[in-house]
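The block underneath contains the structure these notes are about, expressed in structure tokens.
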Amino acid sequence: MISDITEEEVKEAIWQCEGSKNPGPDGFNFNFIKFNWDTLKQDIVEAMLCFQETGCFLKGCNTSSITVVPKVRDLTSLEQYRLISLMGALYKIVTKVLSCRIKNMLPMVINDSQSAFLKGKGMLDSILVASEVVEELRRHMRSGLCLKVDYGKVYNSVKWNFLYDMLQRLGFHCKWIKWVKGCLESPLVSVLINGSPTTEFQPSRGLGQGDPLAPFLLLVVAEGLAGLVRQKVKKNMLKGLKVGSKDIELCMLQFADDKLFMCEDSYPNVIDVKVILRCFEIAFGKKINFHKSKLVGINVERNSLQCFSKL
């Protein structure tokens, strides 16, 4: 994870990036770099080694400009705009190299309840497991609750201190954490207003969507919620659904920022799930999007389900 960055790694990262995408503020896309690799490779590798030693980008290498794109035709609020910024090629190369390293390590430290962005896991794994659990409950006339939780704009709300703490708890080396800090805290951003950039400022939270490293860092953040659930189950404060001939207990399934809680239909269980979500909300910094969250009961009376939904 913290070994020296090699020229082969840098070249592989560059060739994995689509060359025709729009360039960042420096004006150079990956097609230009690939075509002139023999001329540019020494400078690029030296820049990578500089980042490796200092954990910082050279001045001007990690700047971007934000422009707003309307999501709908009739605009009535700022939420109906999508913010887009283009990162420079050097930043993408660094994060691509780091993402290639971390994706091989994550399956060793991320809980099995997560099925997104992990090597050896399929996109439909969580869906298939949830379907089998619901079918078994129906077949044996057992009851249970399923709470699908959605966090709105989760990438924009990640607290960096929480992310750094999770990386440390999962056993990542301090040098690796310094590299992550360098990627997150170095950007200087301006907003384009009528084509003219404003004064540059530095973001204080969030992960960039489209950043090669962002999905894997999001899994590290989500592991904090899985840890809270495991502690509750270990202390017998939260009772999941036991399925199969070996009574395997299942409490939560995750797909990146989407969560599916599965537990027995009891008042204490609902309260415990709410406490877990509230604690994670305070630490993580993002509230639940209740418009996209749903509570479903399997063989649960409607009156009981309505009472649970009001807690």
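Take the sequence shown: its letter number 37 is residue 18 in my numbering, and every next letter is one higher. The beta-carbon is built from N, C-alpha and C at its ideal position, and this holds for glycine as well. Given the structure is predicted, the values throughout are model-derived calculations rather than measurements.
**OP:** Pick helix, strand or coil for R123, following the three-state DSSP scheme.
**Re:** DSSP, reduced to helix, strand and coil, places R123 outside both helices and strands of the structure shown, so it counts as coil.
**OP:** Would you mind giving the Cβ-Cβ distance between D7 and A70, rounded to the nearest angstrom? I have them listed as a contact below 8 Å.
**Re:** 7 Å
Original post:
Terminal residues of the continuous beta strand (DSSP E) containing L241?
Top reply: 239 to 244
Subject >> Inter-residue Cα distance where the pair is D131 and I263 >> reply: 16 Å
**OP:** Give a single yes or no on whether N217 has its beta carbon closer than 7 Å to a heavy atom of the ligand SAM.
**Re:** Questions concerning the ligand SAM fall outside what the structure shown contains, since it holds no ligand whatsoever.
Original post:
Thinking C-beta only, is E(-10) closer than 8 Å to V78?
Top reply: yes
**OP:** Pick helix, strand or coil for L151, following the three-state DSSP scheme.
**Re:** coil
**OP:** Round the Cβ separation of C244 and V254 to the nearest angstrom and send it over; I've been treating them as touching at under 8 Å.
**Re:** At roughly 7 Å, the Cβ-Cβ gap stays under 8 Å, so C244 and V254 are in contact.
Original post:
For F182, which of helix, strand or coil comes out of DSSP?
Top reply: strand
Subject >> Assigned exposure category for N204 - 16 Cβ within 10 Å defines buried >> reply: The sequence given here places Glu at residue 204; Asn does not occur at that position. The residue is buried, with at least 16 neighbouring Cβ atoms inside 10 Å.
Original post:
So, is G189 buried or exposed, given that buried needs 16 or more other C-beta atoms within 10 angstroms?
Top reply: buried
Subject >> Pair within 8 Å by beta-carbon distance, L241 and A111 >> reply: yes
**OP:** Thinking M233 and S94 are a contact (beta carbons under 8 Å), I'd like their distance in whole angstroms, please.
**Re:** 5 Å
Original post:
Sorted by chain position, which residues of the same chain lie with C-beta nearer than 7 Å to A195's C-beta, five sequence neighbours on each side aside?
Top reply: Y136, L188, G189
Subject >> Assigned exposure category for P249 - 16 Cβ within 10 Å defines buried >> reply: exposed
**OP:** Just the C-alpha distance for P168 and F271, rounded to the nearest angstrom, thanks.
**Re:** When rounded, the distance between both Cα atoms is 32 Å.
Original post:
Can you tell me whether DSSP reads T(-13) as helix, strand or coil?
Top reply: T(-13): coil per DSSP, three-state reduction.
**OP:** Please determine if the segment 28 to 42 and the segment 161 to 179 are in contact, where contact requires at least 3 C-beta pairs separated by less than 8 Å.
**Re:** yes
**OP:** Tell me whether G5 is buried or exposed, calling it buried when 16 or more other Cβ atoms sit within 10 Å of its Cβ.
**Re:** buried
Original post:
Which first and last residues belong to the beta strand (DSSP E) in which Q61 is found?
Top reply: Counting along the chain, Q61 falls outside any beta strand (DSSP E), and DSSP gives it neither H nor E.
**OP:** Kindly confirm or deny that the segment 223 to 237 and the segment 101 to 117 touch, where touching means at least three C-beta pairs closer than 8 Å.
**Re:** yes
Subject >> L231 - partner residues in DSSP beta bridges >> reply: L222
Original post:
From the DSSP output, which residues share a beta bridge with G278?
Top reply: L126
**OP:** Put L169 into one of helix, strand or coil per three-state DSSP.
**Re:** strand
**OP:** For D238, count neighbouring C-beta atoms within 10 Å of its own C-beta (all shown protein chains included) and say buried if the count is 16 or more, exposed if not.
**Re:** D238 counts as buried, since no fewer than 16 other beta carbons sit within 10 angstroms of its beta carbon.
Subject >> Local conformation of V49 per DSSP, three classes >> reply: strand
Subject >> Per-residue DSSP class, three states only, for T44 >> reply: strand
**OP:** Consult DSSP for Q(-3) and reduce its assignment to one of helix, strand or coil.
**Re:** helix
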